[in-house]
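**Student:** In short: position in the sequence shown from 1, add 28, done, that's my numbering. Even glycine gets a Cβ: it sits at the ideal position worked out from N, Cα and C. Provided herewith is a single structure, encoded as structure tokens, for subsequent inquiry.
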Amino acid sequence: MLWDINQKFQIHLAGFDGGNLRNAIAREAKAVFTYKEEDEKTITEIVETFTKELQYEFRTTEPDMQIELTKVASPEKVVDKVSQDKLLDVLYATPHGVLAMSREIENFVETSTNLASIKIKDNKFHIVTSQRSSVESALQAAAKRVESCLRLVGAEVEHTDGYPGWAPNTDSEILNVVVDSYERLFGKKPIVRAIHAGLECGLIGKKYPKMDMISYGPTLRGVHSPDEKMDIKTLQMFWEHTLDILKNIPTE
């Protein structure tokens, strides 16, 4: 929306603040910009139209989506035009979301990238992104793809530690132990899934590539969000399950 307005009107960006943590999808963002008084009616109409289109497009997954245009006090300083254009261009161009689905597991996201946060600090824009993949080569390719977009506008790019890929192993011996234990304890089959998330198993697997591993735990909802919750009754199940797994874990 901002990119579109910037192409049609003489606006001056004064602030941009979106997202927080690199491992969380941004829930909200805000920007401050100035415009000519005679353009106010048209800009307002553009925002209203854009909001309606977006709400219709995401009516199923984001039924409460809102975009508000409100007046604030005039900012003391604004971003220079060159930097403003570069910022809006790179934010529009940088990929965000699912990049590839698994070719082996149905409906499983293999590789994704998250435009996690944008802040202004020390008169610089700080853009944080995070890439994830169960395939290490795809993970590195996604990170380089984002880097190339940022470098095109002259940004300085720094790569920090993340979660290496951890490919699912359907022939895992420990997986069979865990499934058998669950069925014996609770009288039903567990749902075994590969999930698209950063897990410690990826870090351990990078150091010990032949280690057989599994990730499990109590039921969590809204992970990495302000609404994160745990189903308390599943905690006792998790504890009993863990003790039984340790009793039956392979010795070799």
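Between Phe266 and Gly245, how many whole angstroms is the CB-CB distance? I'm expecting something under 8 Å.
**Tutor:** To locate residue 266, count along the sequence shown from 1; it is residue 238. To locate residue 245, count along the sequence shown from 1; it is residue 217. That belief holds up - the Cβ atoms of Phe266 and Gly245 are roughly 6 Å apart, short of 8 Å.
**Student:** Here's the rule I'm using: 16 or more other beta-carbon atoms within 10 Å means buried, otherwise exposed. How should Thr188 be labelled?
**Tutor:** For the purposes of this step, residue 188 is taken as residue 160 along the sequence shown, with counting starting at 1. Exposed, since its Cβ has fewer than 16 Cβ neighbours within 10 Å.
**Student:** So is Asn142 buried or exposed if we call it buried at 16+ other beta carbons inside 10 Å?
**Tutor:** Taking the first residue of the sequence shown as 1, we reach residue 142 at position 114. It counts as buried.
**Student:** Just curious, the beta strand (DSSP E) that Ala128 is in, first and last residue?
**Tutor:** Numbered from its first residue, the sequence shown carries residue 128 at position 100. Its beta strand (DSSP E) spans residues 125-129.
**Student:** Give the straight-line distance between the Cα atoms of Leu178 and Glu184, rounded to the nearest whole angstrom.
**Tutor:** Working through the sequence shown from its first residue, we reach residue 178 at position 150. Working through the sequence shown from its first residue, we reach residue 184 at position 156. Leu178 and Glu184: Cα-Cα distance of roughly 8 Å.
**Student:** Just verifying my parser: in three-state terms, what is the DSSP assignment at Asp45?
**Tutor:** Within the sequence shown, the letter at position 17 stands for residue 45. Reduced to three states, the DSSP call for Asp45 is strand.
**Student:** Can you give me the C-alpha to C-alpha distance between Glu288 and Lys238, rounded to a whole angstrom?
**Tutor:** Here the chain comprises residues numbered 29 to 280, so residue 288 is not present and cannot be evaluated.
**Student:** Tell me the DSSP secondary structure of Ile155 in three-state form.
**Tutor:** Against the sequence shown, residue 155 aligns to sequence position 127. Reduced to three states, the DSSP call for Ile155 is strand.
**Student:** Quick test of your reading: Gly233 and Met241, contact by CB under 8 Å. State the CB separation rounded to the nearest angstrom.
**Tutor:** Reading the sequence shown from its first residue, position 205 is the one you call residue 233. Reading the sequence shown from its first residue, position 213 is the one you call residue 241. Rounded, the Cβ-Cβ distance is 6 Å, consistent with contact.
**Student:** Give a yes or no on whether 7 Å exceeds the smallest Cβ distance from Tyr84 to chain D.
**Tutor:** Reference to chain D is not applicable here, since this structure consists of a single protein chain.
**Student:** Thinking C-alpha only, which one of Gln159, Val106, Ala170, Ala166 is nearest Lys152?
**Tutor:** As a first step, residue 152 is located in the sequence shown; it is residue number 124 there, counting from the start. It is Val106.
**Student:** From what residue to what residue does the beta strand (DSSP E) around Glu134 run?
**Tutor:** Position 106 of the sequence shown, counted from the start, is the residue given in the question as residue 134. Neither: Glu134 is in no beta strand (DSSP E) and is coded neither H nor E.
**Student:** Hey, Ser162 and Ala170 are a contact pair by Cβ (cut 8 Å); roughly how many whole angstroms apart?
**Tutor:** Here residue 162 is taken as the residue at index 134 of the sequence shown, counted from 1. Here residue 170 is taken as the residue at index 142 of the sequence shown, counted from 1. Actually they are not in contact, since the Cβ atoms of Ser162 and Ala170 sit about 12 Å apart, beyond 8 Å.
**Student:** Quick check: the stretch 29-42 against the stretch 58-68, are at least 3 beta-carbon pairs closer than 8 Å?
**Tutor:** With the cut-off at 8 Å, the stretch 58-68 and the stretch 29-42 touch.
**Student:** For Leu143, which of helix, strand or coil comes out of DSSP?
**Tutor:** Translated into the one-based positions of the sequence shown, residue 143 becomes position 115. Strand, per DSSP.
**Student:** Between Gly182 and Lys114, which are expected to be in contact by the criterion C-beta below 8 Å, what is the C-beta distance as a whole number of angstroms?
**Tutor:** Position 154 of the sequence shown, counted from the start, is the residue given in the question as residue 182. Position 86 of the sequence shown, counted from the start, is the residue given in the question as residue 114. Rounded, the Cβ-Cβ distance is 7 Å, consistent with contact.
**Student:** On the three-state DSSP scale, how would you describe Leu227?
**Tutor:** Here residue 227 refers to the residue found at position 199 when the sequence shown is read from its first residue. Three-state result, Leu227: coil.
**Student:** At the level of alpha carbons, what is the spacing between Ala54 and Ser145?
**Tutor:** Residue 54 sits at position 26 when you count from the first residue of the sequence shown. Residue 145 sits at position 117 when you count from the first residue of the sequence shown. Roughly 7 Å separates the two Cα atoms.
**Student:** Is there contact here, the stretch 199-213 with the stretch 271-280, by at least three beta-carbon pairs under 8 Å?
**Tutor:** As far as the Cβ criterion goes, the stretch 199-213 touches the stretch 271-280, which means the pair count is three or higher.
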